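Report on the following structure.
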Amino acid sequence: MLVLIKGAGDLATGVAYRLYRAGYSIVMTDIEQPTAVRRTVAFCQCIYDGTATVEGVTSRRVETVEEVKACLERGEIPVLVDPEAAIRTQMPFDAEVDAILAKYNVNTRIDDAPIVLALGPGFTAGVDCRGVIETKRGHYLGRLILEGSAIPNTGVPGDVGGYTTQRIIRACRDGIFHPVAHIGDMVAEGDVVATVDGEPVYALMPGTVRGMLPDGLRVKQGMKSGDIDPRCECNHCFTISDKARAIGGGVLEGLLYFQNRKG
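Counted the way UniProt numbering counts, the sequence shown spans residues 1 to 263.
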């Protein structure tokens, strides 16, 4: 079964990893300059580096359908710079998963593929897609929704270790982003973790830097640019999160649910 995943950030990567391990063939798409902060566990990093390996699974940047097919034959996950997911019209996908996490429907339609699933708010099951996967931390995380929508976006990050908004490193102004701290570093509240055109960005809490945008990326004021984890487990920086695994399980359930009800 060939599955197209739109988006290749850390949550999309958790989905791709889980489906790959279950025997699905995966193709992913993303924008030319991905803004995933958890770059060590995001297949979109291959767009910058050529390849990216997460927990033993390798993604590779490709340009053509022929390269996609060759990548799949090697047991890798091909990733294309293809914001419109035009590859959808060039290969016979059995399913499509919108994992962009834009909080609204960018360009996904229920008839894009035989099975269409979407992550998080902005979609209605039975209208935009066949099923929606809940992405909000809490009791319903990873739930497959067959009627209605996910919990609306609150704009407040989920609670981890008693911290919510403080966990997020945000750009202090428009400009070019330069990290000072690196993924895996321990920081204290008030430490300079990055600069934007020379203006410092400070940590709002102590913990381990779990995510950080790449050097030289142009950012907007308030843009999410990094992530601090209060649990201070360095290994968490380099492994797929509990949230991503739960969402991946919901997508796997959705694919099996609709596969078993074909015809």
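For every residue, glycine included, the Cβ atom is placed at its ideal position computed from N, Cα and C.
Note that this is a predicted model, so its numbers are computed, not measured.
Determine the direct distance from the alpha carbon of residue j to that of residue i, and round the result to whole angstroms.
{"i": "A22", "j": "L117", "result": "17 Å"}
{"i": "N105", "j": "D49", "result": "29 Å"}
{"i": "N115", "j": "T195", "result": "It is worth fixing the name first, because residue 115 is Ile in this sequence and not Asn. The straight-line gap from Cα to Cα measures roughly 43 Å."}
{"i": "D185", "j": "C232", "result": "9 Å"}
{"i": "residue 266", "j": "D215", "result": "The structure shown does not extend to residue 266, since the chain is modelled only from 1 through 263, so no value can be given for it."}
{"i": "V192", "j": "V62", "result": "36 Å"}
{"i": "A203", "j": "T29", "result": "32 Å"}
{"i": "T13", "j": "L141", "result": "17 Å"}
{"i": "A42", "j": "N260", "result": "30 Å"}
{"i": "C234", "j": "D111", "result": "42 Å"}
{"i": "C237", "j": "T40", "result": "7 Å"}
{"i": "G162", "j": "L2", "result": "40 Å"}
{"i": "A172", "j": "N153", "result": "First, the residue type needs correcting, since residue 172 is Cys and not Ala in the sequence shown. Taking the straight line from one Cα to the other gives about 23 Å."}
{"i": "A113", "j": "A95", "result": "5 Å"}
{"i": "G131", "j": "A125", "result": "5 Å"}
{"i": "G155", "j": "P230", "result": "20 Å"}
{"i": "L256", "j": "I247", "result": "14 Å"}
{"i": "C71", "j": "P83", "result": "20 Å"}
{"i": "A16", "j": "I47", "result": "16 Å"}
Does DSSP put residue i in a helix, in a strand, or in coil?
{"i": "C46", "result": "helix"}
{"i": "A194", "result": "strand"}
{"i": "E199", "result": "strand"}
{"i": "C129", "result": "strand"}
{"i": "K224", "result": "strand"}
{"i": "L255", "result": "helix"}
{"i": "L2", "result": "strand"}
{"i": "A16", "result": "helix"}
{"i": "D111", "result": "coil"}
{"i": "R210", "result": "strand"}
{"i": "L144", "result": "strand"}
{"i": "L11", "result": "helix"}
{"i": "A22", "result": "coil"}
{"i": "residue 276", "result": "In this structure the chain extends from 1 to 263, so residue 276 is not present and cannot be described."}
{"i": "A244", "result": "helix"}
Am I right that residue i and residue j are in contact with their C-beta atoms under 8 Å? What's the rounded C-beta distance?
{"i": "I77", "j": "V97", "result": "That pair is no contact at about 13 Å."}
{"i": "P121", "j": "S149", "result": "6 Å"}
{"i": "G175", "j": "D197", "result": "3 Å"}
{"i": "V201", "j": "I168", "result": "That pair is no contact at about 11 Å."}
{"i": "A99", "j": "K6", "result": "6 Å"}
{"i": "F93", "j": "L4", "result": "5 Å"}
{"i": "L144", "j": "L119", "result": "So it is not a contact: roughly 11 Å between Cβ atoms."}
{"i": "A36", "j": "D10", "result": "6 Å"}
{"i": "I183", "j": "V209", "result": "6 Å"}
{"i": "I31", "j": "V81", "result": "7 Å"}
{"i": "V79", "j": "S59", "result": "5 Å"}
Can you say whether residue i is buried or exposed, counting buried as having 16 or more other CB atoms within 10 angstroms of its CB?
{"i": "K262", "result": "exposed"}
{"i": "T108", "result": "buried"}
{"i": "E199", "result": "exposed"}
{"i": "D159", "result": "exposed"}
{"i": "residue 321", "result": "Within the shown structure, residues of the chain are numbered from 1 to 263, placing residue 321 beyond reach of any answer."}
{"i": "E55", "result": "exposed"}
{"i": "E134", "result": "buried"}
{"i": "R18", "result": "buried"}
{"i": "R74", "result": "exposed"}
{"i": "A8", "result": "buried"}
{"i": "G222", "result": "exposed"}
{"i": "A86", "result": "exposed"}
{"i": "P34", "result": "buried"}
{"i": "L146", "result": "exposed"}
{"i": "V127", "result": "exposed"}
{"i": "V219", "result": "buried"}
{"i": "G190", "result": "exposed"}
{"i": "L213", "result": "buried"}
{"i": "G250", "result": "buried"}
{"i": "G138", "result": "exposed"}
Kindly provide the ranges of any beta strand (DSSP E) runs that are 3 or more residues long and lie completely inside the segment 27-107, ordered along the chain. 51-54, 57-62, 77-81, 95-98
Which runs of the beta strand (DSSP E), 3 residues or longer, sit entirely within the segment 155-188? DSSP runs (the beta strand (DSSP E)) wholly in the segment 155-188: 168-170, 175-179.
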